[in-house]
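Protein chains in written order, with this note's numbering: chain P, 1 to 314; chain D, 315 to 741.
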């Protein structure tokens, strides 16, 4: 059986082939059912140890990884390091080597600096799973988004997907752009030009359209993916105010009407209601935000299972 | 004491010499040139340079020796050991030490430490402003009297054009070149690599090329108006090179240097997040690298300088965006120049010597150096242009190991370094 990713590490979507991505999604679909059982646990990872090493605050992703590990019977340890290694006085690599010496099978790492999982993978014996690194990648988010899209649209190839918002600083956007283009979707990105530089059109080898206005991206879309906007970008002069952002780039019902009738809306959370997405849209039946969270557990079960030596299930 | 560097191929562009010639050294100075195989004078030590290139000592216009203040990274002695092992006979340390070299006492201290080490010559660069904070001028005249050869605020370029203008006006009267690390930090702050496709792909904050271009253009306008000698440190962008080319054509007194890393690596090297690919200015994209090679070829670029910037391993073993900027470079520069410039035909050996010795000596007005004409100081770099060797960080003479070239193979190296008539290094 084909290994879904050649390396045991999952550092990003960028290094995966379409077949590897599909292998992970297929495996995740098989794990979905476990979370609906009376006893939500299988012994697949009994005796394995997973360390969730979070250098950046996270509720959803950390809980999701922890539940995924536990539902597969792995022993999961959560470590939240509020400060960076610089202020803590220990280098990043020393922290990693110390944890690695305790012989975990997998280290799930989130960090505000891009590239930390790649740096750890070079020195660690445990498999490294990227749970979000700076503005680089958030591969499990893209996988759960893809799973959500597949559940509703059957296939990803040929779909038109609009990604709207702060693409520049978004690891979710990068992982999704890689994944969706690899699987054959037509991806369009839009947002203030300060946050969606023209150079994005050259990001991947596939076509990627940078649209001047949010409407251009949404017209005829099958999927509309909205990114969280952060106030600190306003302070750094990327846009004038959240108010103006909401008026010109917020997803409202009127704008969503430009998409296909059966278009679905995704948001990685946490949402700023009334800013990048109106509450009407967020609470509508077209919004699949809670489905995303649900599939997140299955995707992370698949990733942990495969990273620690399991084979693809299809 | 007499020594004959016998039967080598002498390349001395300042003396317009490029031929087989032996060089006789007496009491630290070149006393005569002898025809190949001409008998050595009585009681003369002989260095057999058959099959080797004999060049005036290489001068590195841009290094960081970290002393005083950061001796865990490098000392003047360890930096000079790395210099001579890399073929450099003279090095010019930047003033960003702790305390800053913004006064004659520090300048003298650096020179004395170099004399104690007894390896490379050290010609310190003084600060433009006190504490390199960009506000009050440092005592340039006093530093020059103590031995400083130029002034620069190094990696904290003077942001205020009014102060830079006065610095140039003032430095001109003391015949001191004003060196600028051109970077408009209002455009580059927070950036950790070149801004472009690769920075977008890696999710790292970019430093746009135009941050360098804008500052270079500003400085050229100031140099034109003040008549000062402007030397631009480590040019790395197409725009900067074009601006220097235009300025030179206009007769403005501007010179510039390039580092070996900027003519060998691009921002693609940052993939993998090795912090030894992080420096300022950052590794640029291919189009900039090509513009650099063109500038080296057509003479726009005057000198090769390493920007040798040691950092302790612990300081580099950090997240990419938190690691300090800079790499060491003294021991790999000649190898990189041979691989990328000489063996590819971009420059010939005469031009290589110009870039590493003749021009640096002219730019900092180092009398008696940059040539081996009789009467000049006997600083000599002896090179085997074809010797194959591999660079290993573990073998570096520097106290630091932050080079991206670990394991690189080279052909061409300095095999002996002579300073003031004394052989201080032999490979």
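Where a beta carbon is used, it is the ideal one built from N, C-alpha and C, also for glycine. Predicted, not measured: the structure shown is a model, and the values here were computed from it.
Integer-rounded CB distance, given that residue j should sit under 8 Å from residue i
i	j	result
residue 683 of chain D	residue 691 of chain D	6 Å
residue 687 of chain D	residue 666 of chain D	Their Cβ separation, rounded to whole angstroms, is 19 Å, which puts residue 687 of chain D and residue 666 of chain D out of contact at 8 Å.
residue 595 of chain D	residue 497 of chain D	7 Å
residue 463 of chain D	residue 406 of chain D	6 Å
residue 415 of chain D	residue 432 of chain D	With 8 Å as the limit, residue 415 of chain D and residue 432 of chain D do not qualify as a contact, their Cβ atoms being about 21 Å apart.
residue 727 of chain D	residue 659 of chain D	In fact, because the Cβ distance is near 19 Å, the residues do not count as touching under 8 Å.
residue 168 of chain P	residue 197 of chain P	6 Å
residue 137 of chain P	residue 23 of chain P	Not confirmed; about 18 Å, so no contact.
residue 550 of chain D	residue 625 of chain D	At roughly 19 Å, the Cβ-Cβ gap does not stay under 8 Å, so residue 550 of chain D and residue 625 of chain D are not in contact.
residue 631 of chain D	residue 91 of chain P	5 Å
residue 661 of chain D	residue 611 of chain D	7 Å
residue 171 of chain P	residue 135 of chain P	6 Å
residue 325 of chain D	residue 663 of chain D	6 Å
Backbone secondary structure at residue i - three-state DSSP
i	result
residue 564 of chain D	coil
residue 118 of chain P	helix
residue 670 of chain D	helix
residue 298 of chain P	helix
residue 233 of chain P	helix
residue 272 of chain P	coil
residue 618 of chain D	strand
residue 345 of chain D	strand
residue 445 of chain D	helix
residue 483 of chain D	helix
residue 498 of chain D	coil
residue 279 of chain P	helix
residue 636 of chain D	coil
residue 130 of chain P	strand
residue 163 of chain P	strand
residue 36 of chain P	helix
residue 627 of chain D	helix
residue 406 of chain D	strand
residue 521 of chain D	strand
residue 209 of chain P	strand
residue 61 of chain P	helix
residue 186 of chain P	strand
Top-ranked residue by Cα proximity to residue i, from the options
i	options	result
residue 230 of chain P	P:120, P:17, P:166	P:166
residue 107 of chain P	P:50, P:133, P:35	P:50
residue 193 of chain P	P:238, P:170, P:48, P:155	P:238
residue 617 of chain D	D:576, D:541, D:723	D:576
residue 370 of chain D	D:322, D:440, D:572	D:322
residue 399 of chain D	D:325, D:641, D:718, D:645	D:645
residue 155 of chain P	P:138, P:26, P:9, P:296	P:26
residue 130 of chain P	P:221, P:112, P:295	P:112
residue 53 of chain P	P:8, P:110, P:90, P:190	P:110
residue 426 of chain D	D:529, D:468, D:703, D:390	D:390
residue 722 of chain D	D:733, D:709, D:729	D:709
residue 613 of chain D	D:719, D:657, D:620, D:668	D:668
residue 448 of chain D	D:731, D:467, D:455	D:467
Status (buried if at least 16 other CB within 10 Å, exposed otherwise) for residue i
i	result
residue 98 of chain P	exposed
residue 629 of chain D	buried
residue 546 of chain D	buried
residue 202 of chain P	exposed
residue 311 of chain P	exposed
residue 270 of chain P	exposed
residue 507 of chain D	buried
residue 633 of chain D	buried
residue 387 of chain D	buried
residue 240 of chain P	exposed
residue 559 of chain D	buried
residue 741 of chain D	exposed
residue 637 of chain D	buried
residue 412 of chain D	exposed
Inset, instruction - Mind the definition here: the region 470-483 of chain D touches the region 501-521 of chain D only if three or more C-beta pairs lie below 8 Å; say whether that holds. - result: no
Legend entry - Stretch pair the region 724-737 of chain D + the region 607-614 of chain D: three plus CB contacts closer than 8 Å: no
Legend entry - the region 296-310 of chain P / the region 22-31 of chain P touching (three or more Cβ pairs under 8 Å): yes
Inset, instruction - Evaluate contact between the region 180-191 of chain P and the region 331-341 of chain D, counting only Cβ atoms and requiring at least three cross-stretch pairs below 8 Å. - result: no
Inset, instruction - Evaluate contact between the region 576-587 of chain D and the region 522-530 of chain D, counting only Cβ atoms and requiring at least three cross-stretch pairs below 8 Å. - result: no
Inset, instruction - Decide if the region 152-171 of chain P is in contact with the region 217-237 of chain P; the criterion is three or more beta carbon pairs, one per stretch, under 8 Å apart. - result: yes
Inset, instruction - Evaluate the contact criterion for the region 73-81 of chain P versus the region 278-291 of chain P: three or more CB pairs, one atom per stretch, below 8 Å. - result: no
Inset, instruction - Give a yes or no on contact between the region 235-249 of chain P and the region 263-275 of chain P, applying the rule of three or more CB pairs nearer than 8 Å. - result: yes
Inset, instruction - Spell out a yes or no on whether the region 100-118 of chain P and the region 36-53 of chain P are touching, meaning 3 or more CB-CB pairs, one atom from each, closer than 8 Å. - result: yes
Inset, instruction - Count the C-beta pairs between the region 665-679 of chain D and the region 371-378 of chain D that are closer than 8 Å, then say yes if the count reaches three, no if not. - result: yes
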